[in-house]
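What follows is one structure encoded as structure tokens, with my remarks underneath.
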Amino acid sequence: MSSNSLLAFAFDDDDSEYKLFTGKASNVFQFEVPKDWVIAIDRPVEEKQKKKAETKVVVGQFKTVDTLSVRLEIADESVRKAFALAEDKKDAKYIEQEFTKEEREAAAGKIAQDVIVGVENNRSGVMKFVNVGDENENTTKRIERDGKAYYVFQSISEVCRAEITEIGGGKKICIGPRGDEIDTIERRAMTVVTVPDANDGSYFVLKMSAKVDRWEETKEKFERAAETFRML
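So, in structure tokens, the structure goes:
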């Protein structure tokens with residue numbers, strides 16, 4: 420780990436297993452993650468850059484590919500409409516539908532591959548996509564902190580990091596570079612979205628994901644990051 424990565428977090432004096440992110444964008448947002456997570460991307464948020472969508476932070480436990488990213492986005496007309504409905508109805512389902520539509524359409528074969536970003540940085544496609552809406556756990560919700568609204572939702576994606584081929588009857592398989600079928604990866608994600616700025620339309624997306632079989636191990640860590648994520 421580099422000295423810059425170490426300096427990008429504030430370590431508490433107590434025995435807490437979490438640390439506060441104090442990287443280059445910590446004047447704009449904050450969150451807490453496990454102390455053993457390391458930084459892969461750490462970029463500042465500057466006013467002159469607010470018209471450019473860009474990933475500002477990527478941090479995680481990369482041995483097990485448990486990742487967290489914060490990305491600056493600029494709201495288009497579709498996103499603005501979704502937020503207007505969500506704020507009017509105080510209902511997170513409008514945000515969940517808007518921010519998962521590309522993956523849902525990719526899984527349905529309506530759009531091309533390459534919709535997976537972040538750690539899936541090579542050619543990738545979505546073979547299956549499921550929204551996780553558990554009323555008992557309230558996984559899709561609108562919350563307020565210090566007078567600011569945040570929208571939270573969860574999803575599961577089955578990702579093919581090669582070529583998706585349909586073999587009949589709607590069944591899809593993942594074909595590797597040698598023409599053989601290869602395993603897919605199922606990941607579960609927790610996403611937090613901020614309301615766009617009224618002036619420039621900028622907003623932030625905090626996305627955390629892990630392999631489905633690691634969800635029970637990572638769930639508490641992701642919840643901690645989501646609960647402590649706030650705009651300053």
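Numbering (the working numbering), first residue to last: 420 to 651. Glycine included, each C-beta is placed from N, C-alpha and C at the ideal position.
S497 sits exposed, since fewer than 16 C-beta atoms from the chains shown fall within 10 Å of its C-beta. Taking 8 Å as the cut-off, the Cβ atoms of K640 and V452 count as close. Burial check for K475: the Cβ neighbour count within 10 Å reaches 16 or more, so the residue is buried. Assignment of I601 by DSSP, reduced to helix, strand and coil, places it in the coil class. By alpha-carbon distance to A444, the top candidate from E473, I514, V611 and E521 is E473. Per DSSP, T637 is one residue of the alpha helix (DSSP H) stretching across W634 to T647. According to DSSP, residue pairing for I493 in a beta bridge involves S621. For S628, the beta-bridge partners assigned by DSSP are T486 and A608. K500 has its alpha-carbon roughly 24 Å from the corresponding atom of F648. When beta bridges are read from the DSSP output, F548 appears opposite S576. According to the DSSP assignment, A525 belongs to the alpha helix (DSSP H) that extends over K520 to A526. Rounded to whole angstroms, the Cβ separation of F440 and F623 is 13 Å, and the two are not in contact under 8 Å. Per DSSP, the beta-bridge partners of Q449 are R649.
The C-beta distance from R643 to A629 rounds to 14 Å, too long to meet the 8 Å contact threshold.
By the Cβ-count criterion, F481 is exposed, with fewer than 16 other Cβ atoms from all chains shown falling within 10 Å of its own Cβ. Assigned with DSSP and collapsed to three states, E436 falls in coil, not helix or strand. The beta carbon of S488 sits closer than 7 Å to the beta carbons of T474, V476, V477, G537 and K626 from its chain, once the five residues preceding and following it are set aside; these are given in chain order. Contact annotation: T559 and A608 have beta-carbon atoms that are not nearer than 8 Å. Under the DSSP assignment, V464 falls outside any beta strand (DSSP E); it carries neither an H nor an E label. When the beta-carbon positions are compared, T610 and F502 stay at least 8 Å from each other. The three-state reading of DSSP puts V614 in coil, since its state is none of H, G, I, E or B.
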